[in-house]
Structure formats: C-alpha cells, structure tokens
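Engineer: 72 is the number of the first residue of the sequence shown in the working numbering; add one for each residue after it.
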Amino acid sequence: MAKAKILALTIVAALAASPAFAGGDVKKGAKVFKKCKSCHTLKAGKHKSGPSLAGVIGRKAGSVDGYKKYKGLKGADFAWDEANLDKFLTNPKKFLGKKSSMTMKLKKAKDRANVIAYLKSL
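Written out as structure tokens, the structure is:
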C-alpha cells in the first residue's frame, strides 16, 4: 500500500512539473512570442512565411485556411494541444522530421509553457 502511494505521488509530481501541464504566464508568453512574430501572425487569415497562429489550440495540425506551404504537417492526424505544442516547440525537426521548415526552438521549458499559455489566452 505504501509503495502505491509513493508511486501515485511521484506521478502527480512529474505531471505538475511537466511544462505541458504546468501553468504558464500569459504576459511573459506575449514577450517570448515576439521571437515568433517574424514568421507568424495572430490575425486569422493573415500569414507570413509560417501560418497564422490564431486559434491554434485545438486546431487540426496543417489545416489553417489560406495557408498552403505545409510540408511537415501535410496529412497530419493530430490537433495542436498543450503537449504537442510543447514537444514541437522543443525541437520542430525532431517532432515532425526533416520536412519541418521551422528552425527556431524554445529550449527553456518555462518559455514554452508561457507561449502556450499566451496562445491559449487569445
């Protein structure tokens, strides 16, 4: 019984520490997002070299209207949620393979959590 409690507490602690489950700071995320603005907008339907990120949370990957330049996301069968965004932002090429055209990485877990919180707030 004691081992089960220790295991349960370990799992809860790991989930709480995981950036995909940790709450980010929206204001700090807005500051970190400035790095993303050279390629992405937050205005629906307006794209740059990367697609608009308006409404990205919950959206099927590779499906934003009006953006046709998807390479690594062509035929994707997942939606952008916190966990997928965290993995993608950590290393886009590792997440999608060599077809990904995104080269920027957010190495700090807190930066990723903050950007995800910011995108969720929009």
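Heads up, the beta-carbon is just placed ideally off N, CA and C, and yes, glycines get one too.
Tell me the DSSP secondary structure of A115 in three-state form.
Structural biologist: Numbered from its first residue, the sequence shown carries residue 115 at position 44. Coil.
Engineer: Between the Cα of L177 and the Cα atoms of D96, G133 and L160, which residue gives the shortest distance?
Structural biologist: On the sequence shown, position 106 is the one that residue 177 refers to. The shortest Cα separation from L177 among D96, G133 and L160 belongs to L160.
Engineer: Leaving aside the five residues before and after C110 along the sequence, list all residues of the same chain whose C-beta is less than 6 Å from its C-beta, in chain order.
Structural biologist: Within the sequence shown, the letter at position 39 stands for residue 110. So the qualifying residues of the chain are K119, S120 and G121.
Engineer: Please list, in chain order, all residues of the same chain as F149 whose beta carbon is under 7 Å from its beta carbon, the five residues on each side excluded.
Structural biologist: Reading the sequence shown from its first residue, position 78 is the one you call residue 149. The residues are A132 and N155.
Engineer: Have a look at R130 and G95 and give me their C-alpha separation to the nearest angstrom.
Structural biologist: As a first step, residue 130 must be located in the sequence shown, where it is residue number 59. As a first step, residue 95 must be located in the sequence shown, where it is residue number 24. CA-to-CA, the gap between R130 and G95 works out to about 20 Å.
Engineer: Identify, in the order they occur along the chain, each residue of the same chain with its Cβ nearer than 6 Å to the Cβ of K164, setting aside the five sequence neighbours on each side.
Structural biologist: Position 93 of the sequence shown, counted from the start, is the residue given in the question as residue 164. Around K164: S171.
Engineer: Run the proximity test for K102: is its beta-carbon closer than 7 Å to any non-hydrogen atom belonging to the ligand NAP?
Structural biologist: Only the bare structure without any ligand can be found here, which leaves the ligand NAP out of the picture.
Engineer: Would you report the Cα separation of A125 and K108, rounded to the nearest angstrom?
Structural biologist: Numbered from its first residue, the sequence shown carries residue 125 at position 54. Numbered from its first residue, the sequence shown carries residue 108 at position 37. Distance between the alpha carbons of A125 and K108 is about 12 Å.
Engineer: Ignore the nearest five residues each way along the sequence and tell me which others in L190's own chain have a CB closer than 7 Å to its CB.
Structural biologist: For the purposes of this step, residue 190 is identified with residue 119 of the sequence shown, where counting begins at 1. Hits under 7 Å: L124, V127 and I128.
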